[in-house]
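Quick note, the sequences are listed as chains L and G, same order. Going by this note's numbering, the residue at position 165 of the first sequence is 165; the numbering climbs one at a time, nothing skipped. Just add 320 to wherever you are in the second sequence, counting from 1, and you've got this note's numbering.
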Amino acid sequence: MKPAKLQLWLDRFGPLLGLAFVLLLFSISRPATFPTWNNFEIMLLQTAVVGTAALGMTLIIISGGVDLSVGSNIALCTVAVASLLDTGWPPLAAALGGIVVGSLCGLLIGGLITRFRLAPFIVTLGMWGAIRGLAKGLAGEQMVFAPPTWLNDLLTSLGPGQRWLLFPAGVWLTIALAAATFVLLRWTRFGRHVYAIGSNEATARLCGVRVERTKALVYVLGGGFAGVAGVLQFSYLTMGDPTTAIGAELDVIAAVVIGGGSLAGGQGSVAGSMIGALIMTFVANGCTKLGLANWVQEIVTGSIIILAVALDRVRHRRPE
Amino acid sequence: MEVAGSPRTRLTMTDISKRFGATVALDRVDFSVAPGQVHGLVGENGAGKSTLMKALSGAVRPDEGRMWIDGRLHRPESPLDGRRAGVAMIYQELSLAPHLPVEENILLGVEPLRGPFLRRREMRRRAIEAMQRLGIGHVDPSLPVRRLQPAEQQLVEVARALVVGARLLVLDEPTSSLSQSDVQKLFRMIRSLRDRGHSIVYISHFLEEVQQVCDQYTVLRDGKLVESGRVRDVTVDLLAARMVGRSLTSLYPRSQRRPAATVLELSEWTSRIVRRAHLKLRRGEVLGIAGLVGAGRTELLRGIFGLDPVREGKIRVAAFEGPADPPSRWKQGVGMVSENRKEEGLALGLSVAENLTLTKLSELGPFGLVLARRQNRRGREWIERLDIRCQGPEQPALFLSGGNQQKVALARLLYHDADVLLLDEPTRGVDIGSKAEIYRLIDRLAVGEAGKPRAILMASSYLPELLGVCDRIAVMCRGRLVETRAAADWTEHEIMLAATGSAVVS
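Encoded structure:
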């Protein structure tokens, strides 16, 4: 039973081990600037957007799908929030409006995938362009400025009087959503059905799982999380920008994959994806602190993705 | 060991041992095959058949023992070495490239070339030559392989082996997805290869087939050689007893069953394949569906369960009229076991407990919550009740043997407490010990524990099992239910006649 135990342990804590390693590495090499409270706060702020979107991507990837349109969806939502604020909506309503827009994009994606039995890769590749175009059209191909509201402060560093909050509100929002998604996946019927569909769709159908409905809902939730990420991104930029978050989908997918998600479906976890997102931020931040050029960072991040998947293969090697 | 080097044996394996960690897969096994001989290799799952054959092909390196092929020492480092030595493995799961044409599949890796270019005409000539030898000369070699019937696909695989000059063919469960008439075709092919001097190792769970087509047999049990001899000196019962190491008093138990109210009724029921079916299934009986591959057995079951669309006709399940989708069927108390365990029956990556409880997660906690503790407890319960051999409810189904996986698939129906059980090939790819347990379980369910007899509709291509287990058998032919009789009133021969559309002499 020894190897099985070890494997279980690696399964659970593999990504965490990676995070600890990265943390230790940079803390030793840059003890003065890396492991400081301020730097951690900044890194968490930088992780919030990708982390939130990664929650939705976790659901989607576990169900055996993928969403390449997340970055475009985030941009569309920043534009939507800014435009709504500009037309006089109260901040909360505008934020919710942005999330609804994101969810609607998810609904369209889920509908296309389930109704016409199209491959998620293809549908979302198409939507990757279409949603980006929609965002640009809505924004008139420029930035959308909005009156300042409390939404702008979701992702700003805490002032001296707010230390008791520990983290800015946006980070708390991500943490709360992560906890909710964890419960959803681990302890609800819906969550177990998502795993079952990703593991073997035919079995799920045989067992009476409403496969189409569940999948569609997964994409709606995915779109919703992209919407929340869009609100956070808006807060970060303090305006709507149809050209923001280009390539973010790859960071989001990478976070899930580093965290143990399998693009074949059936595997992945919220904790893993969050750790994956943190690893990427830590590496980017640490490399900057080390004074490494951007291209070095990119090579390192890319290597980590491949390494993580390679380790995963070794971990899950089937017995003969 | 003079014999070993002798050219009179094609293959000699002596004292082959192989350990995987603590388990002994093979324990000093001797095995030999003569030229022009069909040698049946039988044993339960896990008896060591495939490990022995993998040692031969080079996929596994034995810890001890030596092998000779045609008198030359055979020490394969890889499957490629095995192929070079003339060993061809033909597995249950076909290893063809489905999108490539037949000829390219046959010559894959040994394409005739002129410089860097394929010699297309030469390819076709060699492909057709091999195909004609196997009696599939009529198949268009430019057709993509996936468009062929399963039986033809299998022959394409054999053709590939012939093209590279294989002298020793290993057929692993070649008939599990073939219809009866295709099986006979395959046997004709095997005999003609044998007559031309090829040696064939034939692995099968179907002992009747071994008796029909093999000259010699070898029985393995728990990695050890139990017995080897001439097939004509042994009976099927004796072989079965050697395999399980005890005599099976009765493979097919049959208690007194009392059919009661009708719980499933079809009339004029038509789907894509099935045409105008009439059928009544009562509580407390096992109704068998026989027929050739493609006759519509599977489609009948899938249609009833709502997995395939239904065109017209009436269906009633207990008090429920009309077609329904699988979620509703489960709610109405209907459960189904798929013929395809790996691709549909089970989610192999999920745990035993998750597979078991997937249809009814609502029992595992309040408000749509699924409590892992409760799920595993229920899993453990059924593991015990059906004697499913596994490490525990949390072990992924992937690691279980075929027989135990099938028991998980059946346990799902019992956990769900389904009344009407649709079983599609419930013992396919299952070793004989587990088969016996599954037959016992079906009998117990039909009789009814705790005064609740169930209705069982069971499709199978294995006639002895239908005749042994069922109360009535309905035969399908080209989408039609041609005739239904009490099982006692059928013979295998009559079922075959009805299934092939020949006149039935009633």
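In this text, a Cβ means the ideal position worked out from N, Cα and C, and glycines have one as well.
In this structure, what does DSSP give as the bridge partners for residue i?
{"i": "residue 744 (chain G)", "result": "G:779"}
{"i": "residue 359 (chain G)", "result": "G:521, G:536"}
{"i": "residue 15 (chain L)", "result": "Looking at the DSSP assignment, residue 15 (chain L) forms no beta bridge with any residue, so it has no partner."}
{"i": "residue 437 (chain G)", "result": "G:434"}
{"i": "residue 634 (chain G)", "result": "G:587"}
{"i": "residue 609 (chain G)", "result": "G:779, G:794"}
{"i": "residue 384 (chain G)", "result": "G:337"}
{"i": "residue 408 (chain G)", "result": "G:489"}
{"i": "residue 654 (chain G)", "result": "G:740"}
Let me confirm a value: residue i is counted as buried when at least 16 other C-beta atoms fall within 10 Å, else exposed. Which label applies?
{"i": "residue 215 (chain L)", "result": "buried"}
{"i": "residue 37 (chain L)", "result": "exposed"}
{"i": "residue 808 (chain G)", "result": "exposed"}
{"i": "residue 487 (chain G)", "result": "buried"}
{"i": "residue 267 (chain L)", "result": "buried"}
{"i": "residue 795 (chain G)", "result": "buried"}
{"i": "residue 357 (chain G)", "result": "buried"}
{"i": "residue 122 (chain L)", "result": "exposed"}
{"i": "residue 813 (chain G)", "result": "exposed"}
{"i": "residue 671 (chain G)", "result": "buried"}
{"i": "residue 780 (chain G)", "result": "buried"}
{"i": "residue 273 (chain L)", "result": "buried"}
{"i": "residue 259 (chain L)", "result": "buried"}
{"i": "residue 294 (chain L)", "result": "exposed"}
{"i": "residue 110 (chain L)", "result": "buried"}
{"i": "residue 179 (chain L)", "result": "exposed"}
{"i": "residue 826 (chain G)", "result": "For residue 826 (chain G), the predicted structure reports a pLDDT of 45, less than 50, and the residue's modelled location is therefore unreliable. A value from the coordinates is still provided. Its Cβ having fewer than 16 others within 10 Å, residue 826 (chain G) is exposed."}
State the start and end residues of the unbroken alpha helix (DSSP H) segment that holds residue i.
{"i": "residue 703 (chain G)", "result": "692-705"}
{"i": "residue 813 (chain G)", "result": "812-819"}
{"i": "residue 270 (chain L)", "result": "270-289"}
{"i": "residue 617 (chain G)", "result": "617-625"}
{"i": "residue 248 (chain L)", "result": "248-258"}
On the DSSP letters alone, give me the boundaries of the beta strand (DSSP E) that residue i sits inside.
{"i": "residue 769 (chain G)", "result": "From DSSP, residue 769 (chain G) is part of no beta strand (DSSP E); its letter is neither H nor E."}
{"i": "residue 522 (chain G)", "result": "519-523"}
{"i": "residue 797 (chain G)", "result": "792-797"}
{"i": "residue 492 (chain G)", "result": "488-492"}
{"i": "residue 394 (chain G)", "result": "Residue 394 (chain G) -> no beta strand (DSSP E), and no H or E assigned at all."}
{"i": "residue 42 (chain L)", "result": "Per DSSP, residue 42 (chain L) belongs to no beta strand (DSSP E); it is in the alpha helix (DSSP H), 37-62."}
{"i": "residue 331 (chain G)", "result": "331-340"}
{"i": "residue 598 (chain G)", "result": "597-602"}
{"i": "residue 585 (chain G)", "result": "582-591"}
{"i": "residue 507 (chain G)", "result": "Counting along the chain, residue 507 (chain G) falls outside any beta strand (DSSP E), though it belongs to the alpha helix (DSSP H) covering 500-515."}
{"i": "residue 806 (chain G)", "result": "800-806"}
{"i": "residue 549 (chain G)", "result": "544-550"}
For residue i and chain G, any beta-carbon pair shorter than 8 Å?
{"i": "residue 130 (chain L)", "result": "no"}
{"i": "residue 203 (chain L)", "result": "yes"}
{"i": "residue 219 (chain L)", "result": "no"}
{"i": "residue 208 (chain L)", "result": "yes"}
{"i": "residue 188 (chain L)", "result": "yes"}
{"i": "residue 196 (chain L)", "result": "yes"}
{"i": "residue 29 (chain L)", "result": "no"}
{"i": "residue 319 (chain L)", "result": "Legend: pLDDT at residue 319 (chain L) = 43, less than 50; position of this residue unreliable, no value from coordinates given."}
{"i": "residue 313 (chain L)", "result": "no"}
{"i": "residue 321 (chain L)", "result": "With chain L covering only 1 through 320, there is no way to say anything about residue 321 (chain L)."}
Measure from the C-beta of residue i to each C-beta in chain L and report whether the shortest distance is under 8 Å.
{"i": "residue 667 (chain G)", "result": "yes"}
{"i": "residue 690 (chain G)", "result": "yes"}
{"i": "residue 656 (chain G)", "result": "yes"}
{"i": "residue 777 (chain G)", "result": "no"}
{"i": "residue 650 (chain G)", "result": "yes"}
{"i": "residue 825 (chain G)", "result": "With a pLDDT of 45 at residue 825 (chain G), under the threshold of 50, the modelled position of that residue is not reliable, and the figure given next carries that caveat. Not closer than 8 Å to any Cβ of chain L, the Cβ of residue 825 (chain G) fails to qualify, so no."}
{"i": "residue 701 (chain G)", "result": "no"}
{"i": "residue 915 (chain G)", "result": "Given a span of 321 to 826 for chain G in the structure shown, any question on residue 915 (chain G) remains unanswerable."}
{"i": "residue 627 (chain G)", "result": "yes"}
Report, in whole angstroms, the separation of the C-beta atoms of residue i and residue j, which I expect to be a contact under 8 Å.
{"i": "residue 655 (chain G)", "j": "residue 736 (chain G)", "result": "5 Å"}
{"i": "residue 74 (chain L)", "j": "residue 230 (chain L)", "result": "4 Å"}
{"i": "residue 355 (chain G)", "j": "residue 379 (chain G)", "result": "Contact flag wrong, Cβ pair sits at about 24 Å."}
{"i": "residue 630 (chain G)", "j": "residue 643 (chain G)", "result": "5 Å"}
{"i": "residue 815 (chain G)", "j": "residue 525 (chain G)", "result": "About 20 Å separates the two Cβ atoms, so there is no contact after all."}
{"i": "residue 382 (chain G)", "j": "residue 346 (chain G)", "result": "7 Å"}
For chain C, is any of its Cβ atoms less than 8 Å away from the one on residue i?
{"i": "residue 663 (chain G)", "result": "Included in the structure are the protein chains L and G, with no chain C among them."}
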